[in-house]
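Quick note on numbering: numbering that gives the first Met the number 0 labels position 125 of the sequence shown as 124, and the sequence is numbered without any gaps. Let me begin by presenting the structure, written as structure tokens, before commenting on it.
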Amino acid sequence: MVEVSPFFLLPDAARVQSYRGRQHEVRLRYPVQVELLPDGRPAYLRSHGADFHIVPVEWLGSGLTRVYSLGPGLCSRGNEVLVLLAQCFDPPATRSSLVEHLKRFTPDVTASEAPEYGLPCLRISAAFEHVQFPLCTGASAESVS
């Protein structure tokens with residue numbers, strides 16, 4: 000398993016990359032999109048939810064099957080908490096056991112299966128509200144918008 004980035008914010012920057020003889024748009028994103036001030040550029044904030052993409056296509060060619068992003072993020076109520084986002088390209092039995100293991104640590108786990116780059120992919124999002132993460136500021140969604 001490889002950590003993608005410790006970053007709370009990802010710029011919205013798409014590119015096209017070839018993988019297995021096909022062209023794929025690669026757009027790394029977290030679940031919440033915002034506009035940066037003063038120029039209005041779009042960006043994504045790490046947040047709890049299954050609508051994210053953290054795996055560049057070229058990483059799959061190296062045999063990588065799991066990628067995660069862990070750090071401060073927004074929960075569904077807008078508070079900043081520790082958020083884990085993971086994308087798994089493992090066999091189905093392994094993917095489902097990952098979700099069950101995470102539920103032992105927090106009840107706030109969301110999972111979604113959807114193909115990515117023509118491969119089966121599981122996205123897992125977990126929010127840990129009672130974990131004090133060193134970078135948490137206690138900010139809310141209102142302070143970001």
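For each residue, glycine too, the CB sits at the ideal point set by N, CA and C.
- For G72, the number of other beta carbons within 10 angstroms of its own is at least 16, and it is reported as buried.
- Counting of Cβ neighbours within 10 angstroms places Q86 among the buried residues, the total reaching 16 or more.
- According to the DSSP assignment, V130 belongs to no beta strand (DSSP E), since it is labelled neither H nor E.
- Boundaries for L59: no beta strand (DSSP E) harbours it, while the alpha helix (DSSP H) harbouring it runs 56-59, taken from the DSSP string.
- Excluding five sequence positions before and after R103, none of the CB atoms of its chain fall closer than 7 angstroms to its own CB.
- Between R28 and Y18 the beta-carbon gap is near 18 angstroms, outside 8 angstroms, which marks them as no contact.
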